[in-house]
Amino acid sequence: MELFIQALLGDKYWVAVTIAVVSILLNIQKVTEYYFYLRKNRQAQILAALQEPLVSAELKAHLKNELDIECFKSVHGVRLSMPMLNAVFLLNQRLDNSVAFRHVLRAFKNTPDITGIEQYSFRIKVSLLETLMKLYNLIAGALIAAFGFLGFMLSIHIIITGGELSTYMTGILLIPIGAFMFDDGVAFISVRHINAALEDYELTTLENPK
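Structure, rendered in structure tokens:
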């Protein structure tokens with residue numbers, strides 16, 4: 001902490017940022033373990049409440065839904081409401097093996113409109129603005145991550161030859177930012193992939209009605 005304060009007072013901001021990043025990386029395991037401890041503790045509390053005989057049937061039904069949401073979040077890393085969770089299961093069943101489940105998860109991270117999902121003609125609808133944002137994140141994210149990687153590789157040579165740390169830190173910061181933007185933009189591809197599979201499903205169902 002003293003070294004961090006001295007770096008700030010000496011206007012060595014890149015050194016301060018480096019210290020902060022390294023400190024976070026060194027403690028990330030503890031933070032992650034504490035987060036998962038809280039998640040498991042909440043699941044344990046829900047399970048205990050479900051076994052309590054004095055809890056009403058209405059509350060138990062609600063808690064079962066909450067338990068499903070918590071378990072889904074723990075396994076897949078995405079928290080969805082119960083209607084969204086039911087929609088994910090229905091859509092995944094409808095798509096069968098034609099689309100990987102990860103595409104469905106990406107598409108539902110943005111809580112799409114699921115009105116009419118029970119119909120064969122259902123498609124995931126994305127507004128023009130959201131489409132443009134996803135495309136921007138997809139392209140810009142790839143470019144930023146690539147630029148950050150190149151900057152990071154260049155910085156290794158600069159540090160060896162006694163250069164500034166700014167390029168090094170810029171590369172380190174740009175890589176995760178670009179990766180995050182790119183991952184968000186990939187949802188655009190997932191939606192198109194899912195809608196194409198839903199179109200095939202509708203045609204197949206209409207041609208071969210049960």
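FYI, UniProt numbering numbers position 166 of the sequence shown as 166, with every residue one higher than the one before it.
Yeah, the Cβ is synthetic: ideal placement off N, Cα and C, and Gly gets one too.
Note that the structure is a prediction, hence the values are computed from the model and not measured.
Using CA atoms only, rank isn't needed, just tell me which of the options is closest to residue i.
i	options	result
S81	Y120, N110, V191 and K30	N110
G185	I124, L138 and M84	L138
M153	I172, P176 and L143	I172
A142	H62, G178 and N208	G178
T205	T115, A48, L95 and N27	L95
E118	V99, L129, F101 and A87	A87
I124	V75, L67 and I189	I189
D68	A100, E52, A44 and L129	A44
R192	N92, R79 and V99	V99
A187	G116, N41, L105 and Y120	L105
T131	Q93, P83, R42 and P112	P112
I114	I175, A48 and M84	M84
I144	P176, L135 and Y120	P176
R79	L47, R39, A48 and N97	R39
Y120	E58, Q93 and F149	Q93
V75	F149, A61, Y201 and R102	R102
C71	L59, A61 and L47	L47
D183	A196, Y136 and D200	Y136
With respect to the alpha helix (DSSP H) encompassing residue i, which residues constitute its N-terminal and C-terminal limits?
i	result
I117	Taken as a continuous stretch (DSSP letters only), I117 belongs to no alpha helix (DSSP H), as it is neither H nor E.
I69	A57 to H76
L95	M82 to L95
L105	F101 to F108
By a C-beta neighbour count over all protein chains shown, 10 Å radius and 16 as the cutoff for buried, is residue i buried or exposed?
i	result
F108	buried
G151	buried
M181	buried
F122	buried
I194	buried
F89	exposed
S56	exposed
L8	Any reading at L8 needs caution, since the residue's pLDDT is 49, under 50, leaving its predicted position unreliable; the model's value is listed next. By the 10 Å Cβ count, L8 comes out exposed.
K198	Reading off the sequence shown, one finds Leu at residue 198, where the question assumed Lys. By the neighbour-count rule (16 or more Cβ atoms within 10 Å), L198 is buried.
S127	exposed
K64	exposed
L54	exposed
G116	exposed
L91	buried
G77	exposed
K30	exposed
E207	exposed
Check the Cβ-Cβ distances between residue i and every residue of chain B, and say whether any is below 8 Å.
i	result
M181	Annotation note: the requested chain B is absent from the structure, which comprises a single protein chain.
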